[in-house]
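Count along the sequence shown starting at 1, add 311, and that's the number in our numbering.
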Amino acid sequence: PADGPVDGPTRQDVTTAASPIEESWNLDDLFADDAACGSALADFREKLPTLGAFAGTLADSPGRMAEALDAIDEAAECFTRIRAYAMMRSDVDTLEDAARRLRQQSDLLATAFTEQISWLRPELLRMSVEEIEQAIATEPRLAPHAFFLRDLARRRPHVRNPAEEELLAQAGLVTRGAS
């Protein structure tokens, strides 16, 4: 009809009020509000360059390798919280500008994070399997990373050199779908 919506439902037509609360996300488990997530995002972006300081040092000692892998794991956990909040917050209302902005910032952060650690796999693979096994055997802090290290060695033929890995990381900006 001429007086009905032409382009689909409007914001007023679509509500989440009918959804039971137990079927909705509790974003408070991640962050109290958008400002808290934005603050964590800014802090994370500021700390990202510290991960690059480990590049070229993993073979120095098993302790250095453990320190680097722990720092990257900690960063990944922080990023995962930011990313989950931003994505779920955006999914609640895809028309809300603030939520869309937060999601876009997390997209950019994903690429920056991947770039900062693009050196990791190629550097580990320059070490022999024996060196990695020796590191795991002598450094207890590597125990949580043993599966990753052994699986990476198994995939050795499929990992590129550091320059190619960095280029692939940067490509994340153009290869991500529209959000």
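Built from N, CA and C at the ideal position, the CB exists for glycine as well.
Next item on the list: Between the Cα of E442 and those of L338, L369, T361, A347, spot the shortest distance and give me the residue it belongs to.
Entry: L369
Checklist line | Among L431, S429, R400, W430, nearest to Q416 - alpha-carbon criterion | finding: R400
Margin query: To test your reading of the DSSP string, which unbroken alpha helix (DSSP H) runs of 4 or more residues are found completely within the segment 344-416?
Written below: 345-358, 360-363, 373-403
Checklist line | Check whether G363 and Q427 have beta carbons under 7 Å apart | finding: yes
Next item on the list: Report all residues from its chain with a CB closer than 8 Å to the CB of T405; omit the five preceding and five following residues, and keep chain order.
Entry: R411
Checklist line | Local conformation of I428 per DSSP, three classes | finding: coil
Next item on the list: Determine the DSSP secondary structure at R466, reduced to helix, strand or coil.
Entry: coil
Notebook entry, point to check: The alpha helix (DSSP H) with A454 in it runs from where to where?
Noted result: It is not in any alpha helix (DSSP H) - A454 carries neither H nor E in the DSSP assignment.
Check: Using the beta-carbon count (16 or more within 10 Å), is E388 buried or exposed?
Finding: exposed
Note to self: If I measure Cβ to Cβ from L453 and keep anything under 8 Å in the same chain, skipping five residues before and after, which residues do I get?
What the structure shows: P373, M376, A377, L380, A446, I447, L460
Next item on the list: Answer with buried or exposed for R414, where buried requires no fewer than 16 other C-beta atoms within 10 angstroms of its C-beta.
Entry: buried
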